[in-house]
Each structure stands twice: as C-alpha cells, then as structure tokens.
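Chemist: At position 120 of the sequence shown the residue is numbered 120 (this note's numbering), and the sequence of numbers has no breaks.
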Amino acid sequence: MHTIKIGLAPTRRSIFSAPAAVEYAGYTRAKLREMGVEFVDIEDIADDGLLHDDADRLKIQEKFLAEQIDGLFVPHGNFGTEYEVARLAKALNVPVLLWAPRDERPDENGIRQRDSQCGVFATGKVLRRFRVPFTYLCNCNLSDPEFERGIRNFLAVCNVVKTFRSTRILQIGPRPFDFWSTMCNEGELLEKFNIQLSPIPIPELTSTMRNLDAESVAEVMEYCREHFEIRVPEKALEQIARLKIAMRTLADKYGCNAIAIQCWNALQSEIGIMPCAANSLLNEEGLPVVCETDIHGAITAVMAEAAGMGENRTFFADWTVRHPDNDNAELLQHCGPWPESCLATKPVIGFPLAFDHPGAVEAQARHGDVTLCRFDGDNGEYSMLMGNAKVVDGPFTKGTYCWVEVENWKRLEAKIVEGPYIHHCVGIHQDIVPILYEACKYLNITPDLYDNNEEEVKAILRGE
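(1) Check each candidate in 49, 119, 381 and name the one with the smallest Cα separation from residue 86.
(2) Could you tell me the alpha carbon to alpha carbon distance between residue 129 and residue 289, rounded to whole angstroms?
(3) Among the residues of its own chain, which have a CB less than 6 Å from the CB of residue 112, if the five just before and after it don't count?
(4) Looking at the strands, I want to know which residues DSSP matches up with residue 322.
(5) Just the Cα atoms here: how many angstroms apart are residue 389 and residue 178?
(6) Would you give the residue range spanned by the beta strand (DSSP E) that residue 38 belongs to?
(7) To the nearest angstrom, how far is the alpha carbon of residue 432 from that of residue 370?
(8) Between which two residues does the alpha helix (DSSP H) holding residue 199 run?
(9) Starting from residue 252, trace the alpha helix (DSSP H) in both directions and tell me its first and last residue.
(10) Would you call the stretch 134-142 and the stretch 218-238 in contact, with 3 or more CB pairs under 8 Å?
(11) Quick one: what's residue 383 bridged to in DSSP?
(12) Classify residue 203 as helix, strand or coil using the three-state DSSP reduction.
(13) In whole angstroms, what is the alpha-carbon distance linking residue 310 and residue 50?
(14) Straight-line CA distance for residue 74 to residue 121?
(15) Can we say the stretch 299-313 touches the stretch 264-273, given the rule of at least three CB pairs closer than 8 Å?
(16) How should residue 171 be labelled, buried or exposed, when 16 other C-beta atoms within 10 angstroms of its C-beta is the threshold for buried?
(17) Any idea what DSSP makes of residue 227, helix, strand or coil?
(18) Please work out which residues of its chain come closer than 7 Å, Cβ to Cβ, to residue 414, disregarding the five sequence neighbours upstream and downstream, and give them in chain order.
(19) Taking the CB atoms as reference points, tell me whether residue 39 and residue 8 lie closer together than 8 Å.
(20) Would residue 398 pass as a contact of residue 340 if the rule is Cβ separation under 8 Å?
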C-alpha cells in the first residue's frame, strides 16, 4: 500500500461543548492510528488540539504545507468553525474529507452537546463559496465499517491526485505515423494539469542499451527464464533484457513515472525485437509502459495504478473485436505488454500476430472482475471513461488477451467511437471506479461512467 500523509484538523465551535469536541477528536486520532493511517496533527499548535482560531489556523496551514500533506481530514467534533475550515482548505489545495460522528441523544433536559452533523452542512456550503472541492463521508460512528472504508477510499483518491499532479512521462520516439488517434497536446497537458513529457529519440535508447553491464543483463535474462516460457533466440532474449534495463534507467534519469514507447516499426530496425516483453517486465514492477506512444494511455495507467494503491498491476489493451457468441462481450488484446501477475498461465515470450520480430508475450488474462478506463481529450476538454467488466471465456487468440463482458456493450461502443476516446484502454483486476470518479472532482476531469450508474458510485463514496 502506498503511503499517503493527511493533515488532521478536527474543528469545533465555541457555543457547543468544547470538552465533547476534544473527546471525539481523541477518539478519531486513536482510530486513525489503529488503522495505520499516517497523519500530521495540530495538538502542538492549538491548546485543545482543535481548529477554531484564526491565529492557530495560520500556523496549522504553515505546518501542513511544510509537511507536504496529500489530503486534509476535518472531523467535526461539534458544530465546527466553517470559515476556518474553508480558509485552511483553500490555501492547501489538496483533497478534503468532511465527516462528523453521530450525535448522542439529547439529555434529560433536552440539551444537545455537539450538533456535529449540522455543522458539516454549514461547512459544505462555505467550501462551495470558496470553490473548494471536497469529499463527504456521511454521518456515522467511528466503529461503523463505513468509516474505515471511507477513510481508505479517501486515501486512494489522494494518491490519484498526488500522482496525477506530479506525472512525467518518458516519451520514446514520436507516435507511429499512421496513429493519428494517439496524438496529444503536450503544451495543453502541461498548462492544464502540470503533466510533463520527457521526449527522447530512439538513438538515445539504443545507446543506453549498448552501455549496460553484463551482470545486470544476465540477471534479467535469468528472471525471464524462470517466469516465462522462452521461444525466442538467446540473442533476442538478451536484447529484451537490455531494453528493459535501458527504459528503467532512462525513466529514472528523467524522473518519469510512466513510459510511452513508439514500439513499431522503426524500433525493430534498430534493436531487432518487439518491446512487448520488456514492457511486460516493467509493468510488473509498477512502472507503466504503454504502446504506440499513447501519452493519454500512459496517464490512464498512472491514475489506475494510483487508485489501486499497489494491490494489483494494470494492463494496457486494445478494444478489438466483438465476442462471437456474447453480444455484451469484447476482446481486449495487445501484442504482449501485460504484466505477469495479470495472467492466468505462465506466459510465453515468442512472436506477435502481425510482426516478424521476436519479443511479444502470449498468455490469457486471469478471470475475475476488472475496471476498464481511459483518460482522453480533444478540443480543450478532458474526461475519464470508466466502468466495470468481468473476464469471461472466449476463443484463443495471439498476444496477451482476455474477453470481457460489460452490462451494455452497445452503450460503451458508442462512447468509444463518439469520443473523445480511442481503441486503447487500461484494465485492472480491482474495482477502482469510485476512486477514479471522486479523484476527477479535484483534477478538472469529467467522469464518464459507461455503466450509467452514477448514483450507485456516489452511494459507495457516501458510505452506503
């Protein structure tokens, strides 16, 4: 699980019980520690450990910025001070989680101590006035399962936002000429999202491949022999190992967290192999590599990996052909970049379907439920297509592949064709749809649910 650090700023208002607010803030801190959540506290700033004073708020803000928190959690121990919450959240520009514990029944004199739920209603409105997006976990007890589920969902959302905002993609070569569908607007990605590209020419890649120590190459070759069935010449296997190490080296050199490689066909004349197996090895390590210089595909993979919190690896695929017997199923396939952990059987390193050079991976993906998604855009507008599917049986085909069934294929097909999407998507054996949906709120991306189930997704995020 990736480590995400949140700022904890419990809040109160003076006209309600301060001791009750302090008490519930203590319970909340204990619960977060029990869950293993890393948080930055404010007990060293505010005498009562609560946010309600503007002078304290400025110090809290300074501390949270210095600690580089990834999200802000504001439990309302009583009604709370909504304008201090909004001022703090506006300055930090990170995802914000609002929550209040269930209030006790009024005492025998009809006195209520906290009115925590009521305060969250006020804070939500003021955050809207400040144009601060926020996530809301509905009123519940600390011991309720929806509290822990909501916190973990929020941590995953923070991880997507943090990763997206710091993404830098190693672009190896320009897009293949014929792939007009994978063109992107590099300047716009930087201006809108702070996503940076690090373009390098193929000769820089080949030069790096030549200048590697023999021991590291031999280690990768041995790993391949243990984890794959090898059906390529020894020289090709050596080139696969060199390519894998070179791509990792260049990604580290330029500070990149994903790679988009041209992959055909100029590359083959330079190194004599398909890059699919090398891509597969890096994808298994959690460094997404996508094909055909699909920058938007690389961004999708980065977001999906972050949403999954490291529990599963992603795979990059083509929407390809309809299932011959199932009207709601489709073939997902690519020449072989899928990571080993996604596959049902020991993969083969061999030859691809449409090319003569060695280096592709062959295996079927394992069955199970998956999320399929695609970040894309044109004409200045960007969205994220996302939804659920399940891997089903279907005919054998070459490459890395699986057949997936969705609720309504025609509805999904129309979305892909009508855009702004293309024939590429990213899959993961995990339901990350609610996480991606909520993260879009913070990233100026329009969520596009192909299952037409927005209310169900919102219900999950609310804790239902």
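Ideal Cβ positions, reconstructed from N, Cα and C, are used throughout, including at glycine.
Modeler: By the coordinates alone:
(1) Here the closest residue by C-alpha is 119.
(2) Counting only the Cα atoms, residue 289 lies some 41 Å from residue 129.
(3) Excluding positions up to five away in sequence, the list reads 106.
(4) Residue 322 pairs with 330.
(5) Between the alpha carbons of residue 389 and residue 178 lies a gap of roughly 30 Å.
(6) From DSSP, the beta strand (DSSP E) with residue 38 extends over 38-40.
(7) Using only the alpha carbons, I get a separation of about 9 Å.
(8) Note, residue 199: premise wrong, no alpha helix (DSSP H); beta strand (DSSP E) at 196-200.
(9) According to the DSSP assignment, residue 252 belongs to the alpha helix (DSSP H) that extends over 234-253.
(10) Touching, no.
(11) In DSSP, residue 383 forms a bridge with 376, 446.
(12) DSSP places residue 203 in helix when its eight states are reduced to three.
(13) Each residue's alpha carbon lies about 33 Å from the other.
(14) Between residue 74 and residue 121, the C-alpha separation is close to 13 Å.
(15) As far as the Cβ criterion goes, the stretch 299-313 does not touch the stretch 264-273, which means the pair count is below three.
(16) Residue environment analysis places residue 171 among the buried positions, since at least 16 neighbouring C-beta atoms fall within 10 angstroms of its C-beta.
(17) Looking at residue 227 - three-state DSSP - the assignment turns out to be helix.
(18) Cβ-Cβ distances below 7 Å link residue 414 to nothing in the same chain once the five nearest sequence neighbours on each side are left out.
(19) In contact: residue 39 and residue 8 (Cβ atoms closer than 8 Å).
(20) Not in contact: residue 398 and residue 340 (Cβ atoms no closer than 8 Å).
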